[in-house]
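Novice: Before we start, here is the structure in question, set down as structure tokens.
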Amino acid sequence: MSRNEEFMDHDEPNRVDENYINRSSAALSDSKVAIVHDWLSGGFAGAEKVLIEMLATRPAPIYTMVYRPEDFLGTPLEAAEVHTSAIQHWPGGVSYYRTYLPLMPYQVEQFDLTEYDTIVSSSYAVAKGVLIGADQLHVSYIHSPIRYAWDLYQQYLREANLTSGLKATLAKIVLHYIRIWDSSTANRVDVFLANSHYVARRVWRTYRRPARVLYPPVDVDRFDHTRPREEFYLTMSRFVPYKKLDLIVETFTRLGKPLVVIGNGPDFEKVKALAGPNVHLLGRQSDENVADLMSRCRAFVFAADEDFGIIPVEAQAAGAPVIAYGKGGNLETVVADRTGIFFGQQNIESLSRAIVLFEQRQHLFDASVIRQHADQFRPERFRAEFAAILEAAESAKASGHDPEIAVMALIMGER
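For the sequence shown, position 358 (counting from the first letter as 1) is numbered 358 according to UniProt numbering, and the numbering increases by one without interruption.
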């Protein structure tokens, strides 16, 4: 078995050396750092939470396709130093930036990063494709390879009604070009990080490069796991097809069990039409209301195939058992029969069986145990591991060694 294969088969949680964990960020090198993020528009989600913790670990200017400050009021990104691409000034660029996706590979290559020693990219689209020099270090945190160009390609075409016709042909040509560009830019990265083992396997399959797993940070302290549980089930997500909210709503409508749904998005009216009188769609809610509902729900239901999935971890921080689709990042964030229950297929029958099984075993779930599991995803852990990784990579680069090997050694406890 090769070293890379050994790494990809490693199932235990990654741990860095305790000397690195305990080292103050003040001891980090004084190298000049820039962070590249795909775009800062359209909401504050998991990738932006990762970005904030990166900035807390190593303050740096941000380079991004577009930036809409009003989306980040009250967050550290509101006052960040942000440099944008030309798309920022194009018609509809800030709000409808996805329209310009075919031009983003070119635009990300126009960022002048020559003054920086270390480049960190936070990428789920094009950020990892920045151009760097031979003496610069590039560490890329992959939230996912571009899913609509790779593993969700056919699903994306179906849902966008792009299976036939001239428009479909043009879309397929564009995505083919993006796949070629995306593959080639893997050579511009010194060290890959991934937000889960699930994504690390996709990084290996797509780019043939190992990725060190660094789980995203979750603010567990804003959740209370000690409150009494009530009878309603809870789900929360953006209303888009792959989140499978229609499946959850249809299942609970059929079962007649109380369900509360938080979130908004393009499919809201479609899902609302499926809801029976036992299903309550609340739309978007404040963080305070979300935390309150998570702390009181009987269980949290999650049907998406996610790369990582921060929301199920937040539910566990509130002491809620999770009924989750048994695929993807869910398998890394939920522990069967300890913090939740899995269902095997994204259909009504499979989810219904899981709900019945949960109710039979509900007495076995302990909110304190569930919360303890969620505690491993604290922001402090992310910062400590991210700092250790950057330091190991920068030290290796400065001494003429391979940063990727240095980071792999750090993972395997060989430093």
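Cβ atoms here follow ideal geometry from the backbone N, Cα and C, with glycine treated the same way.
#1: Under 6 Å Cβ to Cβ from residue 131, same chain only, skipping five residues before and after it: list those, please.
#2: With a CB to CB cut of under 7 Å and the five nearest residues on each side skipped, what residues in its chain are close to residue 107?
#3: Can you list the alpha helix (DSSP H) stretches of 4 or more residues lying completely in the region 165-251, in chain order?
#4: Helix, strand or coil: which one does DSSP assign to residue 281?
#5: In angstroms, rounded to a whole number, what distance separates the CA positions of residue 368 and residue 225?
#6: If you draw a straight line from the C-alpha of residue 354 to the C-alpha of residue 343, how long is it?
#7: Measuring CA to CA, which of 45, 308, 379 is closest to residue 144?
#8: Would the region 116-125 count as touching the region 135-142 if we require 3 or more Cβ pairs under 8 Å?
#9: Can you give me the start and stop residues for the beta strand (DSSP E) that residue 259 sits inside?
#10: Exposed or buried, residue 392, counting other C-beta atoms within 10 Å across all chains shown (16 or more means buried)?
#11: What does the Cβ neighbour count give for residue 359, buried or exposed, with the cut at 16 atoms within 10 Å?
#12: Can at least three beta-carbon pairs, one atom from the region 270-287 and one from the region 161-180, be found at a separation below 8 Å?
#13: Taking Cβ to Cβ, would you say residue 371 is nearer than 7 Å to residue 319?
#14: Are the region 234-244 and the region 201-212 touching, with three or more C-beta to C-beta distances below 8 Å?
#15: Please list, in chain order, all residues of the same chain as residue 68 whose beta carbon is under 6 Å from its beta carbon, the five residues on each side excluded.
#16: Could you give the distance in angstroms between the alpha-carbon of residue 304 and the alpha-carbon of residue 365?
#17: Let me know the secondary structure DSSP gives residue 63 once reduced to three states.
#18: My output table needs one value for residue 50: the three-state DSSP class, helix, strand or coil.
#19: Pull up the CB-CB distance for residue 403 and residue 396, whole angstroms please, since I reckon it's below 8 Å.
#20: Taking the C-alpha atoms as reference points, what is the distance between residue 317 and residue 375?
#21: Sorted by chain position, which residues of the same chain lie with C-beta nearer than 8 Å to residue 348's C-beta, five sequence neighbours on each side aside?
#22: How is residue 325 classed by DSSP in three states: helix, strand or coil?
#23: Which residues does DSSP list as the beta-bridge partners of residue 138?
#24: Check whether the region 185-204 and the region 162-175 are in contact - that is, three or more C-beta pairs closer than 8 Å.
#25: Kindly confirm or deny that the region 213-223 and the region 260-274 touch, where touching means at least three C-beta pairs closer than 8 Å.
#26: With DSSP as the reference, label residue 23 as helix, strand or coil.
#27: What does a CB cutoff of less than 6 Å around residue 125 pick up in its chain, not counting 5 residues either side in sequence?
#28: Locate the alpha helix (DSSP H) running through residue 299, then write down its first and last residues.
#29: Looking at residue 61: is its Cβ nearer than 7 Å to the Cβ of residue 79?
#30: Please say whether residue 378 and residue 295 have beta carbons closer to each other than 7 Å?
#31: Closest to residue 336 by CA distance: which of 361, 352, 314 is it?
Specialist: On the basis of the supplied data:
#1: Counting from 1 along the sequence shown, the entry for residue 131 is found at position 131. So the list reads 109, once near-sequence residues are dropped.
#2: Sequence index remark: in the sequence shown, residue 107 carries index 107 (1-based). So the list reads 65, 85, 86, 87, once near-sequence residues are dropped.
#3: 166-184, 197-207
#4: For the purposes of this step, residue 281 is taken as residue 281 along the sequence shown, with counting starting at 1. Residue state, collapsed to three classes: strand.
#5: Taking the first residue of the sequence shown as position 1, residue 368 is located at position 368. Taking the first residue of the sequence shown as position 1, residue 225 is located at position 225. Cα to Cα, the separation comes out at about 7 Å.
#6: In the sequence shown, the residue the question calls residue 354 occupies position 354. In the sequence shown, the residue the question calls residue 343 occupies position 343. Near 6 Å, if we compare the C-alpha coordinates of residue 343 and residue 354.
#7: Taking the first residue of the sequence shown as position 1, residue 144 is located at position 144. The shortest C-alpha separation from residue 144 is found at 308.
#8: yes
#9: Here residue 259 refers to the residue found at position 259 of the sequence shown. Looking at the DSSP string, the run of the beta strand (DSSP E) that includes residue 259 is 259-262.
#10: Along the sequence shown, read from residue 1 onward, the residue named residue 392 stands at position 392. Buried, because 16 or more other Cβ atoms sit within 10 Å of the Cβ of residue 392.
#11: Looking up residue 359 in the sequence shown gives position 359. Result: exposed.
#12: no
#13: Mapped onto the sequence shown, residue 371 falls at position 371. Mapped onto the sequence shown, residue 319 falls at position 319. Yes, these two residues count as a Cβ contact at 7 Å.
#14: no
#15: Taking the first residue of the sequence shown as position 1, residue 68 is located at position 68. So the qualifying residues of the chain are 41, 94.
#16: Residue numbering aside, residue 304 sits at position 304 when the sequence shown is read from its first letter. Residue numbering aside, residue 365 sits at position 365 when the sequence shown is read from its first letter. Straight-line Cα distance between these residues: approximately 22 Å.
#17: For this step, residue 63 is matched to residue 63 along the sequence shown. Reduced to three states, the DSSP call for residue 63 is strand.
#18: Working through the sequence shown from its first residue, we reach residue 50 at position 50. It is helical.
#19: For the purposes of this step, residue 403 is taken as residue 403 along the sequence shown, with counting starting at 1. For the purposes of this step, residue 396 is taken as residue 396 along the sequence shown, with counting starting at 1. With 8 Å as the limit, residue 403 and residue 396 qualify as a contact, their Cβ atoms being about 5 Å apart.
#20: To locate residue 317, count along the sequence shown from 1; it is residue 317. To locate residue 375, count along the sequence shown from 1; it is residue 375. Cα-Cα distance, rounded: 7 Å.
#21: Here residue 348 is taken as the residue at index 348 of the sequence shown, counted from 1. The answer, listed in chain order, is 247, 250, 251, 254.
#22: As a first step, residue 325 is located in the sequence shown; it is residue number 325 there, counting from the start. Strand at residue 325.
#23: Within the sequence shown, residue 138 is the residue found at index 138, counting from 1. Residue 138 is bridged to 119.
#24: no
#25: no
#26: The residue labelled residue 23 in the question sits at position 23 within the sequence shown. Note on residue 23: pLDDT 41, under 50, position unreliable in the model; no value is reported.
#27: Locating residue 125 in the sequence shown gives position 125, counting from the first residue. Cβ within range, chain order: 38, 146.
#28: On the sequence shown, residue 299 is found 299 positions in, with the first residue counted as 1. Premise fails: residue 299 lies in the beta strand (DSSP E), 299-302, not in any alpha helix (DSSP H).
#29: On the sequence shown, position 61 is the one that residue 61 refers to. On the sequence shown, position 79 is the one that residue 79 refers to. The answer is no: Cβ separation not under 7 Å.
#30: Numbered from 1 along the sequence shown, position 295 holds the residue referred to as residue 295. Numbered from 1 along the sequence shown, position 378 holds the residue referred to as residue 378. Cβ distance not < 7 Å, so residue 295 and residue 378 don't count as in contact.
#31: For the purposes of this step, residue 336 is taken as the residue at position 336 of the sequence shown. Considering only alpha carbons, the answer is 361.
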